[in-house]
Every structure is written in structure tokens, then in C-alpha cells.
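K.L.:
Number of protein chains: 4
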Amino acid sequence: MPTDAQQACFEAGIKFGSLYHQFAGTPVSPANTRSLERAMAESIENQPFCESVTVTIHDDRVREAIDHGNGYTELTGSLMDVTMRIVHEDVTVRTRMELEDGYPLMRLVTVES
Amino acid sequence: MPTDAQQACFEAGIKFGSLYHQFAGTPVSPANTRSLERAMAESIENQPFCESVTVTIHDDRVREAIDHGNGYTELTGSLMDVTMRIVHEDVTVRTRMELEDGYPLMRLVTVES
Amino acid sequence: MPTDAQQACFEAGIKFGSLYHQFAGTPVSPANTRSLERAMAESIENQPFCESVTVTIHDDRVREAIDHGNGYTELTGSLMDVTMRIVHEDVTVRTRMELEDGYPLMRLVTVES
Amino acid sequence: MPTDAQQACFEAGIKFGSLYHQFAGTPVSPANTRSLERAMAESIENQPFCESVTVTIHDDRVREAIDHGNGYTELTGSLMDVTMRIVHEDVTVRTRMELEDGYPLMRLVTVES
Chain A
1 MPTDAQQACF EAGIKFGSLY HQFAGTPVSP ANTRSLERAM AESIENQPFC
51 ESVTVTIHDD RVREAIDHGN GYTELTGSLM DVTMRIVHED VTVRTRMELE
101 DGYPLMRLVT VES
Chain B
114 MPTDAQQACF EAGIKFGSLY HQFAGTPVSP ANTRSLERAM AESIENQPFC
164 ESVTVTIHDD RVREAIDHGN GYTELTGSLM DVTMRIVHED VTVRTRMELE
214 DGYPLMRLVT VES
Chain C
227 MPTDAQQACF EAGIKFGSLY HQFAGTPVSP ANTRSLERAM AESIENQPFC
277 ESVTVTIHDD RVREAIDHGN GYTELTGSLM DVTMRIVHED VTVRTRMELE
327 DGYPLMRLVT VES
Chain D
340 MPTDAQQACF EAGIKFGSLY HQFAGTPVSP ANTRSLERAM AESIENQPFC
390 ESVTVTIHDD RVREAIDHGN GYTELTGSLM DVTMRIVHED VTVRTRMELE
440 DGYPLMRLVT VES
């Protein structure tokens, strides 16, 4: 039977996959980064065992990505950093998504009882 | 060749389909209705010819839809009303999504030059 | 009151926005281009007034986009061409999405009664 | 530092969240259940450490959910069962999503070295 720590890590993964695939593709420009960050964090915090989510969309990266003259781009992992804290039973899991060699990577940071 | 009014109606439809399928499925509870409304409106307003978007997620309908004990539900058309104003060349199109016989319907309201 | 042709163009736009924002972000590699094309076309053909949809995901563009070592990329408009035929009342609308100056553009092609 | 088993469970969760939030909301009727099942499985199998995915969309539940006269509904967790096998280092994780008391639940089934 899976341990509490394994369950907590599974739950942490669910939240990351959910956040990413729900919001990837959303139209974004410097005009809506703040409202999008907040909506992403607050919607995922509804999910079970999800204590807190922070989303930082980098305005400078958004500006760089806007190159086709329409004034906006689509949200992808390379434009943002995300951190989450998941608590399941007595286990706390911290996770992070950030750029590594130019590619957004979702990582388990710590798993603590 | 399509007329300006037809183009404007096509653009209006794109925005509606975009908003709906980008955000349907987002976890929602009374705790995040306001931030989700704002993020939806502001992200779609980035799209070309889209002058304004209003999104109203009905807290009472969200509460009714939360019946599985997890404290949240997934966003669907029946939980919200949406209005948009699209301006293309000298044509203004107003659209609306609202419940009709219990089913959310996207409608052209007016097309004016 | 909107004309039948304007309604048909609005419906055509809805289908385009739906297809794009439902499927943008889907993991894609040369291993799943065919099944994804088919699922995209068949799901949107369910929508009202949508007579036919064709989706072509370009394997060569997918291969070029896979540059981060994980063996897949995320679906975006620049990897595919889409055509649709919408019939509403006695109006037939043909639409197309294709690259124009490197940016995917959704266009009304013809509106015929 | 997280163990291999915890990493594998995190990866398993990511796949589940991805599958769910990428495809929830897709228009579905008995006409496109097979192509949608296949596209969902094959797209998620692109993700790292994901050995196999099976998706079963229940035609009878889809038919029941189609009640608004448009001939289709939107994909939600209650219409399908999903199983996945994730292999990370020497750990194999099996997961399943199925209805429990009418609500779709994502579960870790086994974690084996």
C-alpha cells in the first residue's frame, strides 16, 4: 500500500499537471499578467490537500515572446515560475516549476513528515 | 469576399469559443469566482478586435454545483454569463452567453455599422 | 437582427476558437499526430452547424519544435493547418487556419448562400 | 532528498492532472469516443516516464449526459475510466481514475520497486 509520503507526492503532481494544462495557451500580455497569476493560484488552491500556490509570470519574458504584432502571446511554462505546498496527512510536499536549460521543469523540492 | 460585418461576426465567434474552451474545467468555488472572472475577461481582451468582455460567475450556482464534498466544482457554461463587444473596421458586434432552457447558449445580439 | 450569413460566420468563429483553445498545449510528437488530428476533427464536428473539419499536423514542424530532449512538444497553431465547413440555414461558410508570415491566422474563406 | 518512489508518484500525478485538464471540456458523443480515447492515451504517453495509458469513455454514460438536444456533451471525469503505468528509475507506479460514490477519484494503486 502506498505510504502517506507517496500519496502526498502523487497529489502534488496532480496539482502541477492540472495548473499547467488548464492554463497553457491562455492569451497573455503585460496587461493581464497579474490577474492571470492570481486566478491560476486561487483556482488550484481549491483542490484537495493544496495549501498554497504562487504563480509568477515574468513580464519581461512575455514582452519578448510577443513578436507577431498582435500584442499578446500564449501562456507556456517558459514564461512563469510556480511553487506549491501540498499537505496530506502529516506530510508536507514542496514543489517548484522553473526554467532549467531553457526548458520548464516541474520538481519535488522537499518531502517532510 | 466576406463583408466587414461577416468578418466581425467571425471574430466574435472566435473569442467566445476561445474563452469557453480555455477556461471550462477550471476548479471553482465561492473563494475564487472574482479572480477567475477577471482573468477570463482580461485574457480574452488581448485578442484582436476585442473591445470588452464581462464575465459573471454566479456564486449561488457554484454553491449548488458543489455536491461531492471536495469543496469545489469545475467551471462550465451553466455557471456563468458572458458579454462581449467586438469592433472590426466600422462594425460593432455584441454577443452574449446565457442560460436558455438550462443550456448555455452563445448568441449574436446586435451587429451595427 | 443579425442575418443568416452573419450567424453562420459567428458559428464558424466559435468552432475555430473551440478547437484551438481545447487542444493547444496537448503533448505531441510524430508518434501521435494522426490520432490527435482525428480526435480534434471528430470532436469539433459534434458542434452544431459544423459539417466537416480537417486537421493536418505537420510532422516535420513537430520534429523541428522538439528541441528540449524530452521527445515531444506542445501543440500550437504554427504546427497545423485546419479547414472547416459550417452550414447554418442556407449559408455555407468555409474557414481556414494557416501560417501567414510565421503566425497562424484564422480566416473566413467564403460565405455562400 | 525525495526518494525514487516519491519521484515516481509525483510524475504519476503530473500525468493525471495533465490528461484531465487538457481534455476536460472536449465535445463528445458516441460518434467520437474511440478517437478521443486514443488521442488522450497517445498524447500523454509522450510525457517522460509514462509507459502506458488506457482511457475508456463509456458510451452509455455519454448518451445519458446528452440531454440538451445538441447531440453532444463535454468530457468530464465521470464519463471515463483511466489507468496509467509510470516507470521512474526502478520504481513502477500504477494509477487509476474511476467513479467512487459518483465522483471521479484519481488513485495510486501500487508503487513497486
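The listed protein sequences correspond, in order, to chains A, B, C and D.
Quick note: the first sequence uses our numbering, first residue 1, plus one each step.
Quick note: the second sequence uses our numbering, first residue 114, plus one each step.
Quick note: the third sequence uses our numbering, first residue 227, plus one each step.
Quick note: the fourth sequence uses our numbering, first residue 340, plus one each step.
We put the beta carbon where it would ideally sit given N, CA and C, even for glycine.
These numbers come from a predicted model, not from an experiment.
What is the rounded straight-line gap between the Cα of C/Thr280 and the Cα of B/Glu213?
P.N.:
The residue you call residue 280 of chain C lines up with position 54 of the third sequence. The residue you call residue 213 of chain B lines up with position 100 of the second sequence. C/Thr280 and B/Glu213: Cα-Cα distance of roughly 31 Å.
K.L.:
Counting only C-beta atoms, is D/Glu376 closer than 8 Å to chain A at any point?
P.N.:
The residue labelled residue 376 of chain D in the question sits at position 37 within the fourth sequence. False, the Cβ-Cβ gap to chain A never drops below 8 Å.
K.L.:
Would you kindly report the start and end of the unbroken alpha helix (DSSP H) that includes A/Ile66?
P.N.:
Translated into the one-based positions of the first sequence, residue 66 of chain A becomes position 66. That residue, A/Ile66, is in no alpha helix (DSSP H); it is neither H nor E in DSSP.
K.L.:
List the endpoints of the continuous beta strand (DSSP E) containing A/Tyr20.
P.N.:
Position 20 of the first sequence, counted from the start, is the residue given in the question as residue 20 of chain A. No beta strand (DSSP E) holds A/Tyr20; the alpha helix (DSSP H) holding it covers Asp4 to Phe23.
K.L.:
Mind checking whether C/Glu263 and C/Ile312 have CB atoms under 8 Å apart?
P.N.:
Here residue 263 of chain C is taken as the residue at index 37 of the third sequence, counted from 1. Here residue 312 of chain C is taken as the residue at index 86 of the third sequence, counted from 1. Their beta carbons are not under 8 Å apart, which means C/Glu263 does not touch C/Ile312 by this criterion.
K.L.:
Closest to B/Cys122 by C-alpha separation, out of B/Gly184, B/Ile179, B/Phe162 and B/Thr139, would be which residue?
P.N.:
Residue mapping note: residue 122 of chain B aligns to position 9 of the second sequence, counting from 1. Taking only the C-alpha atoms, the option nearest B/Cys122 is B/Phe162.
K.L.:
Under 8 Å, with one C-beta from each stretch per pair, do the region 249 to 259 of chain C and the region 294 to 307 of chain C reach the 3-pair mark?
P.N.:
In short, these stretches touch, since the Cβ pair count reaches three.
K.L.:
Any residues in the region 359 to 371 of chain D with a beta carbon nearer than 7 Å to a beta carbon of chain B? Which ones, in chain order?
P.N.:
Taking 7 Å as the Cβ-Cβ cut-off against chain B, the residues of the region 359 to 371 of chain D that qualify are His360, Ala363 and Gly364.
K.L.:
Excluding the five sequence neighbours on either side, which residues of its own chain have a C-beta within less than 7 Å of the C-beta of C/Thr259, listed in chain order?
P.N.:
In the third sequence, the residue the question calls residue 259 of chain C occupies position 33. Hits under 7 Å: Ile283, Asp285 and Val288.
K.L.:
Is the Cβ of A/Glu74 closer than 8 Å to any Cβ of chain C?
P.N.:
Here the question's residue 74 of chain A lines up with position 74 in the first sequence. Yes - at least one Cβ of chain C is within 8 Å of the one on A/Glu74.
K.L.:
With a threshold of 6 Å on Cβ separation, who are the neighbours of D/Thr449 within its own chain once the five nearest residues in sequence on each side are excluded?
P.N.:
For the purposes of this step, residue 449 of chain D is taken as the residue at position 110 of the fourth sequence. So the list reads Arg433, once near-sequence residues are dropped.
K.L.:
Rounded to whole angstroms, what is the Cα-Cα separation between A/Asp4 and D/Ala344?
P.N.:
Locating residue 4 of chain A in the first sequence gives position 4, where the first residue counts as 1. Locating residue 344 of chain D in the fourth sequence gives position 5, where the first residue counts as 1. Roughly 12 Å separates the two Cα atoms.
K.L.:
Per DSSP, which residues does A/Ile57 bridge with? Please list them.
P.N.:
Locating residue 57 of chain A in the first sequence gives position 57, counting from the first residue. Answer is A/Met80, bridged to A/Ile57.
K.L.:
Step through the CB atoms of chain B and report whether any lies within less than 8 Å of the CB of C/Glu315.
P.N.:
As a first step, residue 315 of chain C must be located in the third sequence, where it is residue number 89. Judged by the 8 Å Cβ criterion, C/Glu315 is not in contact with chain B.
K.L.:
Within 8 Å of any Cβ in chain B, is that where the Cβ of C/Glu237 sits?
P.N.:
Counting from one through the third sequence, the residue named residue 237 of chain C turns up at place 11. Cβ-Cβ to chain B under 8 Å: yes for C/Glu237.
K.L.:
Contact check, D/His427 vs A/Ser18 under 8 Å by CB: the rounded distance?
P.N.:
In the fourth sequence, residue 427 of chain D corresponds to position 88, counting from 1. In the first sequence, residue 18 of chain A corresponds to position 18, counting from 1. So it is not a contact: roughly 20 Å between Cβ atoms.
K.L.:
What is the DSSP secondary structure of C/Leu325, counted as helix, strand or coil?
P.N.:
The residue labelled residue 325 of chain C in the question sits at position 99 within the third sequence. Residue state, collapsed to three classes: strand.
K.L.:
For B/Met193, count the other beta carbons within 10 Å of its own beta carbon; 16 or more makes it buried, fewer makes it exposed. Which is it?
P.N.:
Taking the second sequence and counting its residues from 1, one reaches residue 193 of chain B at position 80. Per the 10 Å Cβ criterion, buried.
K.L.:
For D/Leu414, list the residues DSSP reports as bridge partners.
P.N.:
The residue given as residue 414 of chain D occupies position 75 in the fourth sequence. Bridge partners of D/Leu414: none, in fact.
K.L.:
Helix, strand or coil for D/Ser452 per DSSP?
P.N.:
Within the fourth sequence, residue 452 of chain D is the residue found at index 113, counting from 1. Coil, per DSSP.
K.L.:
Look at the alpha carbon of C/Leu334 and the alpha carbon of D/Thr422, and state the distance between them as a whole number of angstroms.
P.N.:
Along the third sequence, one-based indexing puts residue 334 of chain C at 108. Along the fourth sequence, one-based indexing puts residue 422 of chain D at 83. Each residue's alpha carbon lies about 41 Å from the other.
K.L.:
Is D/Ile353 close to chain C, meaning its C-beta is less than 8 Å from at least one C-beta of that chain?
P.N.:
Locating residue 353 of chain D in the fourth sequence gives position 14, counting from the first residue. It does not: the Cβ of D/Ile353 has no partner Cβ on chain C nearer than 8 Å.
K.L.:
Can you find a C-beta in chain C that's less than 8 Å from the C-beta of B/Ser131?
P.N.:
Translated into positions along the second sequence, residue 131 of chain B becomes position 18. Yes, contact with chain C.
K.L.:
When the Cα of C/Ala250 is compared with those of C/Thr318, C/Ser304, C/Glu290 and C/Leu331, which residue comes out closest?
P.N.:
In the third sequence, counting from the first residue as 1, residue 250 of chain C sits at position 24. Cα-wise, what sits closest to C/Ala250 is C/Ser304.
K.L.:
Using a C-beta to C-beta distance shorter than 7 Å, which residues of chain D count as neighbours of C/Pro274?
P.N.:
For the purposes of this step, residue 274 of chain C is identified with residue 48 of the third sequence, where counting begins at 1. By Cβ distance, chain D contributes Asn409.
K.L.:
Less than 7 Å between C-beta atoms, sequence neighbours within five positions excluded: which residues of the same chain meet that for B/Lys128?
P.N.:
Walking along the second sequence from the start, residue 128 of chain B turns up at place 15. Hits under 7 Å: Ile157, Gln160, Cys163, Met197 and Ile199.
K.L.:
Which residue's Cα is closest to the Cα of C/Ala291: A/Glu64, A/Glu42, A/Pro2 and A/Tyr103?
P.N.:
Walking along the third sequence from the start, residue 291 of chain C turns up at place 65. Ranking the options by Cα distance to C/Ala291, first place goes to A/Tyr103.
K.L.:
What residues from chain B crowd round A/Ile44, counting only those whose CB sits closer than 8 Å?
P.N.:
Mapped onto the first sequence, residue 44 of chain A falls at position 44. Residues of chain B passing the Cβ test: Pro140.
K.L.:
Please report how far the alpha carbon of A/Met97 lies from the alpha carbon of C/Asn296, in whole angstroms.
P.N.:
The residue you call residue 97 of chain A lines up with position 97 of the first sequence. The residue you call residue 296 of chain C lines up with position 70 of the third sequence. About 16 Å.
K.L.:
Is any beta-carbon of chain D found at less than 8 Å from that of A/Pro104?
P.N.:
Numbered from 1 along the first sequence, position 104 holds the residue referred to as residue 104 of chain A. No, A/Pro104 lies away from the interface with chain D (no Cβ there is under 8 Å from its Cβ).
K.L.:
Applying a beta-carbon distance threshold of less than 7 Å, which residues of chain D neighbour A/Val111?
P.N.:
Position 111 of the first sequence holds residue 111 of chain A. Those within 7 Å of A/Val111 in chain D are Pro341 and Gln345.
K.L.:
If B/Glu124 sits next to C/Gly239, beta carbons under 8 Å apart, how far is it from one beta carbon to the other, in whole angstroms?
P.N.:
One-based indexing of the second sequence puts residue 124 of chain B at position 11. One-based indexing of the third sequence puts residue 239 of chain C at position 13. Between C/Gly239 and B/Glu124 the Cβ distance is about 6 Å, and since that is below 8 Å, they are a contact.
K.L.:
Considering only C-alpha positions, which residue in the set C/Met266, C/Glu268, C/Ala267 and C/Ser261 is nearest to D/Ala380?
P.N.:
Taking the fourth sequence and counting its residues from 1, the one referred to as residue 380 of chain D is at position 41. The shortest C-alpha separation from D/Ala380 is found at C/Ser261.
K.L.:
Starting from C/Leu334, find everything on chain B with Cβ-Cβ shorter than 7 Å and list it in chain order.
P.N.:
The count along the third sequence starts at 1 and reaches residue 334 of chain C at position 108. Within 7 Å Cβ-Cβ: Pro115, Gln119, Gln120 and Phe123.
K.L.:
Suppose the cutoff is 8 Å on Cβ atoms and the five residues either side in sequence are ignored; what does the same chain contact list for D/Asp429 look like?
P.N.:
Locating residue 429 of chain D in the fourth sequence gives position 90, where the first residue counts as 1. Answer for D/Asp429: Asp343 and Ser452, listed in chain order.
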